[in-house]
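Take a look at the structure:
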């Protein structure tokens, strides 16, 4: 086991896989940095430092800096994949999914289906997402709800360095297209990482971060960390919570969620996206449909309001879920009846 | 370069096959038997064939919504295509794609595409893949090619793709078929660079060519040069604009109210690439009418067989809806 | 007679304010004779037949059998000798006014003529207490609040713009939760070499099971909860015995709403238990001599007096000597009676009833036995009248026949005391000479209303009672 940051876990895994399989290529804006400048290549190695050293190791054919043109980046990832490569494309901020949407939604997600199963598109699209740095409305969004709802792609959202490692390796080796959502706020998080060069975490397998008999908290991404904090606080009062880190929104580990709710009877869903047509409402509906008889209280959702992400520090704080808001929601379910 | 008899016959057969395929669809669609949208390629055959005759299976093409011609020219199975348009389980895409999404990956045909302009970025990616693979024994790169029209040349995706191809020196060819209409709007209105698409590509930094798309030989000869250029490692992408015509509407069912008086008759009379080819080869005594008539009959028969096969093809079952969303889930 | 006669809800006993027609024995158009049973009327205390006091014809039945409560004096039916026209009858009904100062006059309602046989009526809408409010509230929420009498001023609306929703009202009805948290568990480490759902892993750990080698039937071949549960061993029965698995079926209750009698009993006993300061005095008495006397008296007098009849006699005698226990409490007044009207608790099909043995202190034991027999039979036939049950200055409740050793009874207001009598049991006692012998002993508990009867008074009464039981010849002094 090695102690790595989330950022390095992603970086190292991609690096190892590029060494292992020459078909793996990386493309995106500033994945190298410095192309066409006096300072020369690798001025940055990715603005999130997730591709540092790649250019030196693998050269310009396999580490491709692109101009700012998300449609082209996303489309080229699709074309590279159809032509037999295993591209990892970085969309610098998940918010930029807007300018690349057609190539993901209508092309990459649908090739296999439209072509009757005759094509393989093993592309990985990495998208740093989420709020916490006061980057405001166009650089802070959670987009899980949009991509989860697209049939044909898989959606992954690791929370720990170990998950980032295992899920990234799985994503690269998976022959289906994968959207890999990295939460910006987690890049510096350190944790133990399995060093096995074949360590993969299968998709659709949730992680139980905390265990308890009273309430089920379901979360993804950064929200898992808040849920863990809330659960630890509640444990001081003797309240035990199952904290389920779903890890992948598509495919979803329904069983883990429903099994837990069948025991606790109470569910709190935490999501960083606004509530309409979101992952939170999706999971609430799942629980209401399939674990209705077990419910002892209405399902609670802890989400931001139906607004864009605001700028000022206190506004962003008020916007986002927090351990306190999660704990309050847990108590609300316990107070019901 | 002269093409021999066999090559000429083959080229003519390809064009004729496309023509008969599309003309037959035009008839069949009126009965309502075929579902969805269909966009016919009649009039542009010389471009598809003139280009694709040069290509190998390692060369990839990405097509448009008007993709039957490109598909056939790239070597896709006629029966398989007709069955796909009929929605049969035995179609090239198991009835999952239909006219706008026909593909045959093994033959290097990366799909017709229902989104205008979407093909260009995909082609750049495929070209990058060929670049990564490097040149073959004779030092030549395999290429990728995006067919676009005078409509797609306005899409942001096309611009982004062209720029990306240039800066990465991707061996990608942007083939613009200017048939003067993007849906119901004329090129004089829609394209700001006054009926000159190639100059846009040039402005993005690539070498461009232009030719008359109704003349098979003009297309074929021009494209040879383009291909030679792009196959050479280090040259990067190129674009070529072919001036051509489409004889039918944007889609089948289009009332074509944008056409001028007698325009369609004139096009059929003066800008029909098949007629022009026939005149050319018979005039130069390369082939005679009897040879060409025989090809006409063969092509007609092939299409007749294809339609029969399509009608008899297995229908998909409701559970097939769930097939092939993922490889594993 | 040649006039139209109103048949109204009769008043039985001073307490009766309303009754219900349980059933009609006659229908419109029937002629009846004096003494013929017209209908059954049910009140809070009894159900009784109403006999015709004259010959007549039923012209109109206003209130059908099984319809709601009618106040005393309300018009139930119209009789005449048959000569009046329908119009005259209608005019009579329309013009009818309940008796001056009567209860029905206070609760006058206009009634349409109803046929005697009433088809099954649809479930009546629950009585609603109207809520007048400007607050935004959904129609369903308002209806529920009105039906259940919920005070919406205490509810914070969770709907749009503070609107009160149905769910808000239901929460208010339910009151606060009392969920006690059950606490934290340990997280089982997730070994990806053997892929199992988080809960499956937890269950396996709980039962000390290993997951390796297990085939999973969950998604993507994962081991799921069901796979692990299949492994959890059944507790094995002793060898040779096969215990069939018990499968619980439905345990659906039969719902029996309080009938009129039970409603009253419930209300009165609750009131007694809550409001009267009950004080309990316990005593046991040797009953051998009483048993002997009972046997011989039954032979001599030719009666069949029960042990309880003797207890009643003993109590009545003691009460006559201790009038401060033979009391009724009315408000701030103690009514001290010279004679003991002893209520005996009898189980009847209608529930517990308490007919009164009047002036039992003056009765001979055979008279008491006859009277109690008469009252018990009447009670068991459901035919006790108001007179049978009105009043009473003291109650005796005996559960000895069930083997109950002793118990504490609840006072029947307005009485001041009640004696609870247990079974006669053979018990060892120390005799005067120090030897142990067996005696028949009876335990009793006297419950007194401490507002009116002090401990000393009660104790003295019990002392007398004990003396009479142990030396029953004292009852004939």
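Chains as they are written, first to last, in the working numbering: chain A, 1 to 337; chain B, 338 to 666; chain C, 667 to 1143. Note that the Cβ used here is the ideal one computed from N, Cα and C, for glycine as well.
Which listed residue (the options) has its alpha carbon closest to that of residue i
i: residue 801/C; options: 698/C, 829/C and 1070/C; result: 829/C
i: residue 938/C; options: 1078/C, 707/C, 712/C and 670/C; result: 1078/C
i: residue 206/A; options: 30/A, 129/A and 245/A; result: 245/A
i: residue 442/B; options: 64/A, 124/A, 128/A and 79/A; result: 79/A
i: residue 316/A; options: 272/A, 297/A and 279/A; result: 272/A
i: residue 181/A; options: 59/A, 37/A, 53/A and 93/A; result: 93/A
i: residue 458/B; options: 165/A, 132/A, 121/A and 72/A; result: 72/A
i: residue 555/B; options: 579/B, 569/B and 566/B; result: 579/B
i: residue 1107/C; options: 1082/C, 1124/C, 1066/C and 707/C; result: 1066/C
i: residue 74/A; options: 645/B, 460/B, 431/B and 589/B; result: 460/B
i: residue 463/B; options: 418/B, 494/B, 513/B and 395/B; result: 395/B
i: residue 472/B; options: 489/B, 639/B, 614/B and 565/B; result: 565/B
i: residue 759/C; options: 897/C, 670/C and 817/C; result: 670/C
i: residue 602/B; options: 342/B, 659/B, 582/B and 588/B; result: 582/B
Helix, strand or coil at residue i [DSSP, three-state]
i: residue 64/A; result: strand
i: residue 1031/C; result: helix
i: residue 560/B; result: helix
i: residue 48/A; result: coil
i: residue 373/B; result: coil
i: residue 783/C; result: For residue 783/C, the predicted model reports a pLDDT of 47, less than 50, meaning its position is unreliable and no value from the coordinates is stated.
i: residue 1039/C; result: helix
i: residue 172/A; result: helix
i: residue 513/B; result: strand
i: residue 353/B; result: helix
i: residue 212/A; result: strand
i: residue 1113/C; result: strand
i: residue 904/C; result: At residue 904/C the pLDDT is 40, less than 50, meaning the model places this residue with poor confidence and gives no usable figure here.
i: residue 965/C; result: helix
i: residue 229/A; result: helix
i: residue 677/C; result: coil
i: residue 897/C; result: coil
i: residue 276/A; result: coil
i: residue 767/C; result: Unreliable positioning characterises residue 767/C in this predicted model, as indicated by a pLDDT of 48, which lies under 50. The coordinate reading is nonetheless provided below. Three-state DSSP puts residue 767/C in coil, outside helix and strand.
i: residue 518/B; result: strand
i: residue 944/C; result: strand
i: residue 933/C; result: helix
i: residue 1017/C; result: strand
i: residue 183/A; result: strand
i: residue 544/B; result: strand
i: residue 1093/C; result: strand
Whole-Å CB distance - residue i paired with residue j, under 8 Å assumed
i: residue 402/B; j: residue 454/B; result: Not quite, the Cβ-Cβ distance comes to about 11 Å (not below 8 Å), so this is no contact.
i: residue 385/B; j: residue 406/B; result: 4 Å
i: residue 1012/C; j: residue 1045/C; result: 4 Å
i: residue 1063/C; j: residue 1084/C; result: 6 Å
i: residue 517/B; j: residue 387/B; result: Not a contact, Cβ separation roughly 19 Å.
i: residue 484/B; j: residue 400/B; result: 5 Å
Identity of the residues DSSP links to residue i by a beta bridge
i: residue 397/B; result: 481/B
i: residue 193/A; result: 2/A
i: residue 994/C; result: 1001/C and 1081/C
i: residue 694/C; result: Per DSSP, none; premise fails for residue 694/C.
i: residue 746/C; result: 723/C
Partner residues on chain D for residue i, Cβ-Cβ distance less than 7 Å
i: residue 326/A; result: Among the protein chains of the structure shown, namely A, B and C, there is no chain D.
Threshold first: 4 residues or longer. Then list the alpha helix (DSSP H) segments lying entirely within the region 799-827 of chain C, N to C.
Runs of the alpha helix (DSSP H) inside the region 799-827 of chain C: 805-814.
Could I get the ranges of all uninterrupted beta strand (DSSP E) runs contained in the region 713-743 of chain C, with 3 residues as the minimum, in chain order?
As summarised for the region 713-743 of chain C, the continuous beta strand (DSSP E) elements at least 3 residues long and confined to that stretch are 713-717 and 722-727, given in chain order.
Which residue spans inside the region 412-496 of chain B form an unbroken alpha helix (DSSP H) run of at least 4?
Those alpha helix (DSSP H) runs which fall completely within the region 412-496 of chain B and span 4+ residues are 415-422 and 456-470.
Going along the chain, which unbroken runs of the alpha helix (DSSP H) with 4 or more residues stay wholly within the region 572-628 of chain B?
With a minimum length of 4 residues, the continuous alpha helix (DSSP H) runs that stay inside the region 572-628 of chain B are 600-607 and 610-620.
Return the chain-ordered ranges of every alpha helix (DSSP H) run that is complete within the region 237-265 of chain A and spans a minimum of 4 residues.
Runs of alpha helix (DSSP H) with 4 or more residues, each lying fully within the region 237-265 of chain A, are found at 254-264, listed in chain order.
Residue ranges of each beta strand (DSSP E) within the region 48-125 of chain A, 3 or longer:
As far as the region 48-125 of chain A is concerned, its whole beta strand (DSSP E) runs of at least 3 residues are 63-65 and 86-90.
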